[in-house]
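Structure, as structure tokens:
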Amino acid sequence: MTTTSSAGGVFRTTSTFVPAELDATRWENIEPLVNALLERPVQSADELERWLLDRSELDAACSESRANLYIRMTCHTEDAAVQKAYSTYVEEVAPKLEPAAFELDKRQTDLSRTLGLSRLKAGRYLVLERDTAVEVDLFRQENVPLNTQLTLLGQQYDQIIGAMTVQFDGQERTLPQMGKYQEATDRSVREAAWRAVADRRLKDSAAIDDLYEKMIGLRHQVARNAGFENFVGYAFKSKHRFDYGVKECLAFHEACEKVVVPFMRRLDEKRRGALGVSPLRPWDLAVDPLNRHPLRPFEGGRELMSKSVETFKLLDPRLAAMLGELGDGSNTAGPAGGACLDLDSRKGKAPGGYQYMRDRSRKPFIFMNAAGLHRDMTTMLHEAGHAFHSTLCRDEPLVAYRHSPIEFAEVASMTMELVTMPHWGVFYGNEADLARARRKQLEESVTLLPWIATIDAFQHWIYSNPAHTRDDRTAFWLSLDERFGHAVSWQGLEGVRAKVWQRQGHLFDHPFYYIEYGIAQLGALGLWVHSLERGAVSAVEAYMRALSLGGSKPLPELFAAAGLKFDFGPAVVERIVQRVEKELEKLPE
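Those letters in the sequence shown? Residues 5 to 593, per the working numbering, in order.
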């Protein structure tokens, strides 16, 4: 049975089809519910809608069970029991869920076509029908064990990276904790810290190469099994990229090369002159160019959280209330007890940061490795944007529509890094530091684009040439760094330079998920320009209006709801860079 309740005109589903305490980490609990959906008579559009809602609740329960296992796995990479629980799920449950989902997708597609659901409901199910049909088209039973292997290889990568520590400045430190030394005004300290991290990464570089090569081979086989020449076409279709293709990605690469890289290298030359060094080296890119003290916006996860809430309160109290629901930032035990935050860096924690929506309880979880740095502050604001997205569409009855395409999901997060800037006085007590932080944000919002182009171009080449050798891969990577990289000298560091790509976890865990950041960054910068020209209130209203749609509309319509054009070509890139340069001229050095 399925019912809906309304609060403020927003409908929320209450399905009694899935038991409230279902343990969806166990296949024997899931299978009867799958069979019930496959066997249930469905003879009208209304009955199909009820079927869709019940299926949605089952999908949400399964998704949340996996989410909690994944969150624990990344929070506790050295806990054997936690790691075993995740790998057991991946090996024993996920391979059964894939074909079950395929059978449900097939039935859903057949019923939708037979009953004409999209015609009856004025486009309500257009995106769902389109996406489900793609999943039916791509599914191959022989790919199930290959996907299991890929997930386990990704877990191995996280374990390798999570175990990396160095002895520095008198104690053992995680790699995220080492980031603060790249802002040290003493160049010898920066260099020593940079080399310590680089040497530690190189110790596992061969193992990471081995992992990646296995992944490339498996992904190529997955694509071939599904009828594609290589993984490029498969990846685009599996990511539901209906509104752009390889041509548009290549145009973005070219725009970055011709417009953004010259801007970035002008900044590099200015930095080199200000620091009084020749040449500029990799350990000179994060320090303040005028050798001022590092920006330290907070100490510890609790302070990070309280200051973030206060910042959002100044922007829009509704945003602050949503973030405040998640906790005070003191938790260090992963999702235990229903916690929604694990913010501080520590040994045995996987790298990076993410927001993961637990679909059945509809509670976001923010994971990150805060070490007191400016970039940790912006990471928190970024992940808060994802949490706002999850929260604003959590009353959507269909779980599929509570998740938007990644290209727009990242607009939700990146926008918060930019439109909050007028309120960063919460983190920075004096005008000089505040101006530095804003300048840093604007510069990095644009200079990130060539790195995105680098990673995307790398993947296009990798999967178009799956039989390449390790030397071939290195040579191509170095050519990309020449094309898109900073104006720094790598003399004596050639071995490190050849492996810089290994630090980008998306290559391992989320193949072809990176161009989305470039598309979204341009969208976020567009909303930032909106805030400058029409005010923050107008920009936030457009932002919240678009986020509330979740994934219920095609990608261009989501951008349009935010007042943005879905375009990441050269003209848009050039306009954005020009506007950023104009705003930078207003900020003191």
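Cβ atoms here follow ideal geometry from the backbone N, Cα and C, with glycine treated the same way. In this text, all values refer to a predicted model and were calculated from it rather than measured experimentally.
Would you list the one or two residues that DSSP bridges to residue i?
i: M361; result: P368
i: E176; result: Q171
i: D288; result: DSSP output for D288 lists no bridge partner at all.
i: D348; result: A374
Looking at residue j and residue i, is the spacing between their C-beta atoms short of 9 Å?
i: K110; j: A49; result: no
i: Y90; j: L101; result: no
i: D58; j: L42; result: no
i: L536; j: E589; result: no
i: L396; j: M326; result: yes
i: P339; j: F369; result: yes
i: H390; j: S417; result: yes
i: L215; j: Q160; result: yes
i: N2; j: P103; result: Beyond the ends of the chain as shown, which are 5 and 593, falls residue 2; an answer cannot be given.
i: G166; j: E252; result: no
i: F412; j: L529; result: no
i: A457; j: E578; result: no
i: T419; j: V264; result: no
i: F512; j: L157; result: yes
i: L591; j: A491; result: no
i: P298; j: K444; result: no
i: T29; j: V86; result: no
i: R306; j: S349; result: no
i: F21; j: E51; result: no
i: A460; j: H224; result: In the sequence under discussion, the amino acid at residue 460 is Asp, which differs from the Ala named in the question. No.
i: N295; j: L279; result: yes
i: Y360; j: A546; result: no
i: F488; j: W455; result: yes
i: E68; j: R362; result: yes
i: G509; j: D208; result: no
i: Y467; j: F246; result: no
i: D346; j: C66; result: no
i: L319; j: M219; result: no
i: M182; j: P301; result: no
i: V544; j: R583; result: no
i: E217; j: R474; result: yes
i: V46; j: L108; result: no
i: Y358; j: L132; result: no
i: G376; j: G304; result: yes
i: F371; j: L323; result: no
i: T136; j: T118; result: no
i: T178; j: D292; result: no
i: F172; j: A210; result: no
i: R44; j: W55; result: yes
Give a yes or no on whether 9 Å exceeds the smallest Cβ distance from residue i to chain C.
i: V138; result: Of the protein chains in this structure there is only one, and it is not chain C.
Give me the Cβ distance between residue i and residue j, rounded to the nearest whole Å; I'm assuming they're in contact under 8 Å.
i: W618; j: E195; result: In the structure displayed, the chain extends from 5 to 593; residue 618 sits before or after that span and is not available.
i: L568; j: G527; result: 5 Å
i: E421; j: L385; result: 5 Å
i: A202; j: V500; result: 5 Å
i: P515; j: Q463; result: 7 Å
i: V148; j: R204; result: Contact doesn't hold; Cβ gap of about 36 Å is too wide.
i: K241; j: L142; result: 6 Å
i: A540; j: V415; result: Not really, about 16 Å apart at Cβ, beyond 8 Å.
i: P355; j: P180; result: 7 Å
i: E146; j: N229; result: 5 Å
i: S493; j: P283; result: 4 Å
i: C344; j: K367; result: 6 Å
i: L289; j: K503; result: Incorrect: roughly 17 Å between the Cβ atoms, too far for contact.
Worksheet item: Residue ranges of each beta strand (DSSP E) run of no fewer than 3 residues wholly in the segment 12-59, ordered along the chain?
Response: 14-19
Discussion item. Check whether the segment 570-577 and the segment 416-430 touch, using three or more Cβ-Cβ pairs below 8 Å as the test.
Written reply: no
Worksheet item: At what residue ranges does the segment 94-137 contain a whole run of the alpha helix (DSSP H), taking only runs of 4 or more?
Response: 98-119, 121-124
Worksheet entry | Within the segment 431-508, ranges of the alpha helix (DSSP H) (whole runs, at least 4 residues) | 435-468, 474-488, 498-501
Discussion item. At 4 residues or longer, what runs of the alpha helix (DSSP H) sit wholly inside the segment 546-576?
Written reply: 559-565
Fill in: Complete runs of the alpha helix (DSSP H) confined to the segment 381-430 [at least 4 residues]
410-423
Worksheet entry | Minimum length 3: unbroken beta strand (DSSP E) runs contained in the segment 168-253 | 169-172, 175-178
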